[in-house]
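Remarks on the structure that follows.
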Amino acid sequence: MKTFVPLLCLLVGVIIIGRGLVPPNYQSEYDVRSFAELPVQSGGRVLPLDSVARNSLRLLSGRQSAKLPEDGKMSAIAWFMELSFNPVAADKIPVFRIDNPQVLGLFGWQQEDRKLFSFDDLRPHFQTIQQMASQVNPEPKLRSAYERQLIKLTSALMEYDVLARSIQPGGNLDQVLLEYGAWERIVEPGRTAFDQKERGESFDAEDLERFTFLTSRYLDISKRGGFGIVPPAGEQTKADDHWLNLGEALLQTIESGQLNPIVDDYAKLTVFWRQANPQGFNETLTALHTQLAPASPTGHVAFEEFFNTFEPFYRASVLYVIILLLAAISWLWMPLPLQRGAFWLLVLAFAVHTFGLLGRMYIQGRPPVTNLYSSAIFVGWGAVLLGLILERIYRSGIGSFVSGLVGFVTLIIAHNLALSGDTLEMMQAVLDSNFWLATHVVIITIGYSATFLAGTLAIVYVLRRLPAGRLSRETAASLYRMVYGITCFALLFSFVGTMLGGVWADQSWGRFWGWDPKENGALIIVLWCALMLHARIGRLVGERGFMLLAIFGNIVTVWSWFGTNMLGVGLHSYGFMDKAFFWILLFIVSQFALIALGLTRPAPGTRTTPKAANGQA
Amino acid sequence: MKSLYRFLSSLKLTVVLLAFSILLVFFGTLDQVHYGIHEAQRRYFESFLALWQYPSEWFGGLQLSWFKLPLPGGFTLGILLLVNLCCAHFRYFRLSWKRSGIAITHLGVVVLLVSGFLVSWLQEESQMWIDEGGQSNYAETHLDNELVFIDRSNPDYDEVVSIPQSLLRDGAHIELPQLGLSLNVVDFMLNAGLGTKMQNPNGPTPRADRGAAARMGLFAVEKAPDYSDKGINTTTAIIELEGAEGPLGTWLVSNVMDEHRFPPQTLEVGGRTYEVYLRFKRTYLPFSLELKKFTHDKYPGTDIPKNFASDVRILTPGESPQPALIYMNHPLRHGGFTFYQASFGKQDTASMLQVVRNPSWLVPYLAVTLVGIGMCIQFLIHLVRFTTRRSAQSRS
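Chains as they are written, first to last, in the numbering used here: chain A, 24 to 640; chain B, 333 to 728.
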């Protein structure tokens, strides 16, 4: 029993992780995986098509896969292929998420019906949307929820439209190869006619007309934007060279006289797909990969595709839930085997979490925390690491429990923060300093981890104290020691991190301290930790009071982490969110409720004053 | 006396002061939405008493906006924390290795608090705009103004007499013996709307009877100050001037009527000609900066800025030019001033540099190092004690 149960737990964990390592089966004769690995340039970086598809779908629908009108799901890449090769069918897939009842009301829809709508659903209402969107408040900070949703919908529709014509030019897709052929033939005579007209000589009007028609069509497509599909020519390509988008690549034919082979291959893919010719499709893909190989020599792109399908953070979060449950059950039943199982699983989950963190660092070439999304991942990672150490020391299940809880919650938060698009976006120039990102940001984020961990331990204290006699004096004392130690750690890291931020600010814009909201938030954490320690040493609070202060620390940290970003002022307001407002409020209320619960009279048998632990500084 | 000492050195006071500091920082941050960073900083952190008002746009704002919360300001809390920390050290502290970390930490906190005061007294920030190919020897800040009289008769230099905005109060009388002038401030407006009688016949009667404002029929109406981060106040004053030979009329001066956009308002006193301006407060440097080239890179296919850089030359009279590159996170420190790449304009052909003069800039570094070292020492002492006790426990 002592080794069997832990081994069983570990086995379950290994199966969950292992499922991510199996290459996804797209159940198609077409080589979807190879298509997903095609490198393109979007948002300033080179990435696999799979990431483009996932990021776009997340932006439109808040999901990583498309939900089909009939039951069933469609992977992001399969949806993108449908959108590119068979737009008529793709327009029926509901991918536009609309939550706001007032916006739904514009189209005569009700909120209860559903939240996802297809392009075809919205098509009859384009005029209304455009008209209403033109009336919103021009100052983004002052927009209402309705106005924000409307603007979001408008940009989602534009995004969709751009995406749908990123690898083929739209129009009659069966004839796309014919169109390109005609373009290649007309370029020479068309340019001659154009020059002749400029010089005032006689020219072939028909040639010129066909030439200008296609030129203006491709000019439109190039201006529309869309991701880059053609890497710069030459042996040595650098990461920040500009890739041509479809329109630009087609216009290049005017100079070169020849259709770019990559554009041609994408057109062939389109036609083979429409002709239901998997063999031709797959052969073209192989050719395309050979052409694109020099543009992504480091293997980053293939790794990112693997990273996308492995989904390390999703898998880690599943494990964290299991750990959480095992630890909680262990306090009632089979303590030793379950706690050991939870610990082993925790080591596994932490390893996967760490792999995810390192994987992102490898893809981006940056320190772990670059935006709000990655800060959530890192806060969880830091808390789990500290919890792991606590569990190793105390072996009571408490370290595993809080690790599982904080790990799971922060990964859920990260998942929701990812909805704004690419989580590996490029850094703004002001923030572009690997040294400071690696020191200031990382250290301050570990400070967040520590305050959350202390707060969570205090919650465990409050909850376990509730049923009479369940919290032994020994456990209470060890919880108190843990919270005290972690708070000291939190003060150290918050202070050092905050002050390193001051040094960065002084180096960057000559102001050590600028009273920016994010700086102030960090300062409040430092002050709060200092207050807790001084209240303790001055005996203004005892064991229970210290715990309640630690729970309030959760509120302080959430304010610093998210609340300050909602103010929308200052240099740090990079992660403005509004939907999160509700959740933050709910969190704060819940923490106050826990504090109130802790203030109730202790159950008989648990009331003792702390002794030895109180004497030290 | 003894009870006062006991009070000032008590840990209770520390906790109360820390709690008030948290409240001050919290409400000071909230009010940045209304006042912008600079004004909130002045009201909350560089003051003795701060007053927070329930925002009217919040839940129940109509009923609750009368509610005002007084808080001790940053100066009050800073001084009290300093006193408390020093007294507590004298009262409780006995030198020992075990507590060495705490002593160093607290020393660092003292230095940090002092550096806060030093910065708020000594630090000057202003901005310098330079066009590509152009040069500049001054920086200005739109957060402060000055009233200046300029004598340009000498070909080698201009003589500038400057009166700071803080002296320009309604009804103030200022003697300027070096100009042979005295002036009365009739009306000073931190922010004003300007209009002419021509465009707006219903506006108030113009009060200036001399200078450009009199010719154009210009009037000024006081407005609420704009505290938003990008907002700039049209600071305006109506002044009466008087020379030795008698009154020289009433003038309207405003920081929108600057040297770049308006012909100067001139005044003759004692055979000399002066130009009069109310303008953004300027800091002249003992050298000039010439902008050779401004670069603005973006990530390919996006509008995300990747890098800004100003390629400049430092021109000091009597010395050979010195080239320098100022870019993100890489300022130029020269002659007691530090230049940071801050902004740009005119389709990437003009660069704005943040110019900071802060003689005490190294003090916070010292403070931070002390606190950091102190906390690390204390944390390690704890950790070692804890692990030795744990291993002793597990052995027994």
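Ideal Cβ positions, reconstructed from N, Cα and C, are used throughout, including at glycine.
Being a predicted model, the structure only gives us computed values, none of them experimental.
- Among the bridge pairs identified by DSSP, Tyr606 of chain B is matched with B:Leu599.
- Rounded to the nearest whole angstrom, the C-alpha separation of Arg383 of chain A and Leu447 of chain A is 8 Å.
- Leaving aside the five residues that flank Pro596 of chain B on each side, the residues in its chain whose CB is nearer than 7 Å to its CB run, in chain order, Glu607.
- Measuring C-alpha to C-alpha distances from Val294 of chain A to each of A:Asn123, A:Ala399 and A:Asn109 identifies A:Asn109 as the nearest.
- If you look at His323 of chain A, you'll find it in the alpha helix (DSSP H) that goes His323 to Phe333.
- For Phe605 of chain A, no Cβ of chain B is located within less than 8 Å of the residue's own Cβ.
- Annotation: Cβ neighbours of Pro696 of chain B in chain A (cutoff 7 Å, chain order): Gly525 and Phe535.
- Nearest CB-CB separation between Lys344 of chain B and chain A: below the 8 Å threshold.
- When beta bridges are read from the DSSP output, Asp643 of chain B appears opposite B:Lys625 and B:Leu657.
- Between the C-alpha atoms of Phe103 of chain A and Ala187 of chain A there is a straight-line separation of about 8 Å.
- Listed along chain B are Trp693, each with a C-beta nearer than 7 Å to that of Asp529 of chain A.
- Here Ala569 of chain B is bridged, per DSSP, to B:Phe520 and B:Val585.
- DSSP places Trp453 of chain B in the uninterrupted alpha helix (DSSP H) bounded by Ser432 to Leu454.
- Sequence-ordered contacts of the region 469–487 of chain B with chain A are nonexistent [C-beta pairs closer than 8 Å].
- Under the 8 Å Cβ criterion, the region 426–437 of chain B does not count as touching the region 408–416 of chain B, having fewer than three qualifying pairs.
- Distance from the CA atom of Gly706 of chain B to the CA atom of Leu417 of chain B, rounded to whole angstroms, is 15 Å.
- The three-state secondary structure of Gly543 of chain B, taken from DSSP, is helix.
- Within the same chain, Cβ atoms closer than 7 Å to the Cβ of Glu591 of chain B are found at Tyr609, the five residues on either side in sequence being excluded.
- Three or more Cβ pairs closer than 8 Å define a contact, and the region 614–631 of chain B meets that threshold against the region 459–470 of chain B.
- Among the residues facing chain B, Met522 of chain A is included, as its CB has a counterpart in that chain under 8 Å away.
- What Gln679 of chain B touches in chain A, judged by beta-carbon distance under 7 Å, is nothing: the nearest beta carbon there is about 18 Å away.
- Within a 10 Å sphere around the beta-carbon of Tyr337 of chain B sit fewer than 16 other beta-carbons, which makes this residue exposed.
- Among the bridge pairs identified by DSSP, Ser88 of chain A is matched with A:Ser98.
- It is roughly 52 Å from the alpha-carbon of Arg645 of chain B to the alpha-carbon of Val347 of chain B.
- Taken through DSSP and simplified to helix, strand or coil, His265 of chain A comes out as coil.
- Against chain A, a Cβ distance below 7 Å from Gly535 of chain B picks out nothing, because the smallest value is about 28 Å.
- Rounded to the nearest whole angstrom, the C-alpha separation of Ala699 of chain B and Leu444 of chain B is 5 Å.
- Residue range Gln467 to Asp483 is occupied by the beta strand (DSSP E) that includes Asp483 of chain B.
- Here the region 109–121 of chain A makes contact with the region 169–187 of chain A; the two share three or more CB pairs at distances below 8 Å.
- His265 of chain A has a beta carbon lying within less than 8 Å of a beta carbon in chain B.
- Between the beta-carbon of Thr474 of chain A and that of Ala513 of chain A there is about 5 Å, and that keeps the pair under the 8 Å contact cut.
- Checking the DSSP bridge columns, you'll see His557 of chain A has no partner listed.
- For the 8 Å CB-CB criterion, Ser498 of chain B and Glu507 of chain B do not form a contact.
- The Cβ of Asp184 of chain A sits no closer than 8 Å to any Cβ of chain B.
- Annotation for Phe401 of chain A: Pro391, Val392 and Thr468 place their beta carbon closer than 6 Å to its own, counting only its chain and skipping 5 residues before and after.
- The beta-carbon of Cys708 of chain B is placed less than 8 Å from the nearest beta-carbon of chain A.
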